[in-house]
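In full-length UniProt numbering, the protein residues as written are 1 to 416. Idealized CB from N, CA, C, for every residue including glycine. Bear in mind that the values here come from a model prediction, so they are computed numbers and not experimental data. Read through the structure below, which is laid out as structure tokens, and then see the notes.
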């Protein structure tokens with residue numbers, strides 16, 4: 001009989017609109033019969049959440065920290081709410097022991113950890129704690145170092161923002177306890193694994209496990225009718241420099257200037273570049289060709305994808321941080337919806353598609369090649385459809401969360 005685990009999942013924000021891979025993994029673990037508790041440092045920053053969050057009643061499984069509340073009143077209210085809600089589950093002896101004046105130095109360190117991870121005040125014992133992002137793993141590593149972690153084993157999944165190439169020397173210091181106390185390390189691409197090995201070359205128990213999508217959930221959107229009679233290009237991602245949303249708009253401008261005026265570009269996402277992108281659209285007179293949606297729910301994104309023709313993500317390597325796309329689950333989701341890809345050849349993107357078969361991998365900043373490949377797909381609908389079908393078939397076998405979840409459970413089994 002397969003072992004069922006009691007798992008504590010530690011995340012930065014939950015639910016996060018931009019981190020659907022965490023949501024997919026959690027719901028798959030629940031589907032497989034495992035018991036999940038989610039500890040989040042922040043509330044959802046958006047006014048909406050993805051439907052899966054509600055379908056699985058994940059609010060009931062989530063403990064959200066009170067320390068990052070916006071005002072002192074909300075902070076105080078958060079503390080009171082925590083102690084009232086979990087009053088029958090808190091191990092009060094852990095708090096009383098902190099008052100021992102003979103161990104004030106040791107107790108000060110423990111008090112800091114309990115403040116940072118109040119979930120460890122509960123009388124619940126976990127088979128393992130699974131941290132998403134290295135910076136959250138650091139906090140749990142500190143709890144393990146001073147002996148207050150209530151989980152037997154610890155795993156961390158790196159996703160990209162926690163392994164910025166320009167900060168390797170910093171990580172070698174700040175991740176020391178993480179590497180010493182944790183039992184397994186997961187990366188989502190070969191690209192990210194190579195960065196991790198630059199931080200610690202002799203790292204043991206490192207596993208490659210991509211982020212995945214939930215086929216049973218995506219299937220309902222496949223029959224979506226085309227959203228516009230025009231040629232629909234879609235971009236989806238945070239509006240930051242290294243994802244290339246400004247380049248995407250400039251590519252659309254070149255297409256329009258070459259006579260393909262029946263193009264409609266759907267730019268989905270929010271971020272620091274939104275104001276700049278709005279100005280760029282106006283400056284290039286593309287108001288009739290570009291729609292800037294802002295952040296959307298997963299359901300809205302999938303409907304737009306399923307009703308579009310191609311997916312465009314002209315990502316680059318950010319000049320200063322050297323950061324680029326580690327995997328980009330949205331690239332696999334686009335292929336599931338039978339969209340040929342036009343993506344920048346940076347980071348780990350090439351490991352999540354088949355160049356020339358499911359789309360085109362194009363050198364960063366080469367806008368002319370992006371334009372030529374889009375025109376090729378625009379002028380050859382039968383080849384575009386065939387490429388989309390191949391992408392759909394390929395990602396179903398490589399990135400379906402249930403299959404990837406089985407591999408994750410094997411990692412858990414190795415630790416137990």
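Run the CB neighbour count on residue 204, radius 10 Å, all protein chains shown included, and call it buried at 16 or more, exposed below.
For the purposes of this step, residue 204 is taken as residue 204 along the chain shown, with counting starting at 1. With fewer than 16 Cβ atoms within 10 Å of its Cβ, residue 204 is classed as exposed.
Go through its chain and collect everything with a Cβ distance to residue 354's Cβ below 8 Å, but skip five positions before and after it.
In the chain shown, counting from the first residue as 1, residue 354 sits at position 354. Correct list, in chain order: 390, 391 and 394.
DSSP-derived helix/strand/coil call for residue 308
As a first step, residue 308 must be located in the chain shown, where it is residue number 308. Residue state, collapsed to three classes: coil.
Using three-state DSSP, classify residue 221 as helix, strand or coil.
Working through the chain shown from its first residue, we reach residue 221 at position 221. Here residue 221 sits in helix by DSSP.
Three-state secondary structure assigned by DSSP to residue 238
Stepping through the chain shown from its first residue, residue 238 is reached at position 238. Residue state, collapsed to three classes: coil.
Could you pull the DSSP bridge partners for residue 42 from this structure?
For the purposes of this step, residue 42 is identified with residue 42 of the chain shown, where counting begins at 1. Residue 42 pairs with 13.
Once the 5 residues before and after residue 18 are set aside, which same chain residues still bring their CB inside 7 Å of it?
As a working note, residue 18 is residue 18 in the chain shown. So the qualifying residues of the chain are 238.
One question on the structure: do residue 253 and residue 127 come within less than 8 Å of each other, judged by their Cβ atoms?
Position 253 of the chain shown, counted from the start, is the residue given in the question as residue 253. Position 127 of the chain shown, counted from the start, is the residue given in the question as residue 127. Cβ distance not < 8 Å, so residue 253 and residue 127 don't count as in contact.
How is residue 257 classed by DSSP in three states: helix, strand or coil?
For this step, residue 257 is matched to residue 257 along the chain shown. DSSP places residue 257 in helix when its eight states are reduced to three.
Taking DSSP's pairing of strands, which residues face residue 37 in a bridge?
Translated into the one-based positions of the chain shown, residue 37 becomes position 37. DSSP, once it has assigned bridges, lists 8 as partnering residue 37.
Decide if the segment 265-274 is in contact with the segment 286-304; the criterion is three or more beta carbon pairs, one per stretch, under 8 Å apart.
Contact annotation: the segment 265-274 touches the segment 286-304, with at least three C-beta pairs closer than 8 Å.
Can you have a look at residue 60 and say buried or exposed, based on whether 16 or more other CB atoms are within 10 angstroms of its CB?
Position 60 of the chain shown, counted from the first residue, corresponds to residue 60. Classification of residue 60: exposed, given that the 10 Å Cβ count is below 16.
Since residue 340 and residue 359 should fall inside the 8 Å C-beta cutoff, what is the C-beta to C-beta distance between them, to a whole number of angstroms?
Counted from its first residue, the chain shown places residue 340 at position 340. Counted from its first residue, the chain shown places residue 359 at position 359. Going by Cβ atoms, the distance from residue 340 to residue 359 rounds to 5 Å, so yes, they are a contact pair.
Between residue 119 and residue 8, is the Cβ-Cβ spacing less than 8 Å?
Here residue 119 corresponds to residue number 119 of the chain shown, with the count starting at 1. Here residue 8 corresponds to residue number 8 of the chain shown, with the count starting at 1. Less than 8 Å separates the beta-carbon of residue 119 from that of residue 8.
Contact check, residue 227 vs residue 308 under 8 Å by CB: the rounded distance?
In the chain shown, counting from the first residue as 1, residue 227 sits at position 227. In the chain shown, counting from the first residue as 1, residue 308 sits at position 308. Between residue 308 and residue 227 the Cβ distance is about 7 Å, and since that is below 8 Å, they are a contact.
8 Å contact criterion, which residue 230 and residue 264 should meet: CB distance rounded:
Position 230 of the chain shown, counted from the start, is the residue given in the question as residue 230. Position 264 of the chain shown, counted from the start, is the residue given in the question as residue 264. So it is a contact: roughly 4 Å between Cβ atoms.
Just to confirm, are residue 68 and residue 44 a CB contact at a threshold of 8 Å?
As a first step, residue 68 is located in the chain shown; it is residue number 68 there, counting from the start. As a first step, residue 44 is located in the chain shown; it is residue number 44 there, counting from the start. Not a contact, by the Cβ cut-off of 8 Å.
For residue 153, I'd like the list of residues in its chain whose CB is within less than 6 Å of its CB, leaving aside the five on either flank, ordered along the chain.
Counting from one through the chain shown, the residue named residue 153 turns up at place 153. Cβ within range, chain order: 128, 183 and 415.
Is the beta carbon of residue 171 closer than 8 Å to that of residue 186?
Within the chain shown, residue 186 is the residue found at index 186, counting from 1. Within the chain shown, residue 171 is the residue found at index 171, counting from 1. Their beta carbons are not under 8 Å apart, which means residue 186 does not touch residue 171 by this criterion.
For the beta strand (DSSP E) containing residue 152, list its first residue and its last residue.
Position 152 of the chain shown, counted from the start, is the residue given in the question as residue 152. 151-157 is the span of the beta strand (DSSP E), which, as asked, contains residue 152.
Just grab the DSSP bridge partners of residue 84 for me.
For the purposes of this step, residue 84 is identified with residue 84 of the chain shown, where counting begins at 1. Paired residues: none, contrary to the question.
Name the two residues that bound the continuous beta strand (DSSP E) containing residue 360.
Within the chain shown, numbered from 1, the residue matching residue 360 stands at position 360. First-last of the beta strand (DSSP E) with residue 360: 359-362.
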